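See structure below.
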Amino acid sequence: IRFRTGRRLKQWNKNCVALGLSSGFLEPLESTSIYLIQSAVVRLIHLFPHTGVTPELMDEYNRQSQTEYELIRDFIILHYYLNERNDTQFWRDLRQMDVPERITRKIELFRANGGLQQDQLDIFLEPSWLQVMLGQGVVPRDYHPLADALSEEQLREKLSKTKMLKSQPLAKMPGHDQFLEMFCKSA
C-alpha cells in the first residue's frame, strides 16, 4: 500500500482549522485517524476564541497538535526500529535509521529500571509502550526501588488478588464465537 505521511505545519491557520485527514496522515495500520479527529475537536473547543482568533491560541493549538502527531509517530517508529528481523534489507535499514531523540531517551530510561515516562498528549498508554519494548526484546537492567517495598509474599498475594479481580468479569463475558452469534448475526 502506497501512502504519503505527514502533517500540516499549521493545523490552525488564521480562520481555518484542519481536522482529520486534512490535518495529517501517519499510517493505515495504526488506526489513529478517528482519535486525532476527536482530539483536535476537543483541543479546538478548549482553545476556541471568544472575541477573535489570537496568535497565542493558534500557536498553542498547533504546538499541541505537533506534539500529538510526533508522539504517535514515535510509537510507530519504535515497532520498526526495535525489530530483530534480518531477512531483507528493508528490516536491516530500519534498525539503522536515525530516530527522534525522544525515542532513544524512552528506550534508555526503560532499560535503566523498567520505567516509562508518559507524556500528557500521548494516546498510547504505558501498557502499549511496555508491550512493544518487551515484545521487541528490550529488557530492563534493573527495577524501581519501590518494588522492594513489598515482600515477595506480599507481592504474590497482591498479584493473585489482581488476577482474581480481572478474571471475575472475564468469566462472565461471552467467547468470541458466542459474541458474534449474539450481536453480529447476518440479516
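Numbering (the working numbering), first residue to last: 3 to 189.
Built from N, CA and C at the ideal position, the CB exists for glycine as well.
The model shown is predicted, which means the values in this text are computed figures rather than measured ones.
- The straight-line gap separating the alpha-carbon atoms of Leu80 and Thr53 is approximately 43 Å.
- DSSP lists Val19 as the beta-bridge partner residues of Trp14.
- Taking 8 Å as the cut-off, the Cβ atoms of Gly26 and Gly8 count as close.
- Annotated three-state conformation of Arg65 is helix, per DSSP.
- When DSSP states are grouped into helix, strand and coil, Phe5 belongs to the coil group.
- Counting every other CB atom within 10 Å of its CB across the protein chains shown gives Ile3 a total below 16, marking it as exposed.
- Taking C-beta atoms as the reference points, Ile105 and Val140 fail to come closer than 8 Å.
- Burial state of Ile74 is buried, judged by a 10 Å Cβ sphere holding 16 or more other Cβ atoms.
- Under DSSP, Gly117 forms no beta bridge with any residue.
- Cβ-Cβ separation between Phe77 and Phe126: approximately 5 Å, consistent with a contact (criterion under 8 Å).
- Taking the Cβ atoms as the reference, Asp89 lies roughly 31 Å from Ala114, outside the contact range of under 8 Å.
- In this chain, the alpha helix (DSSP H) harbouring Pro129 covers Glu128 to Gly137.
- By the CB criterion at 8 Å, Glu58 and Leu123 fall outside the cutoff.
- For Tyr63, the number of other beta carbons within 10 angstroms of its own is at least 16, and it is reported as buried.
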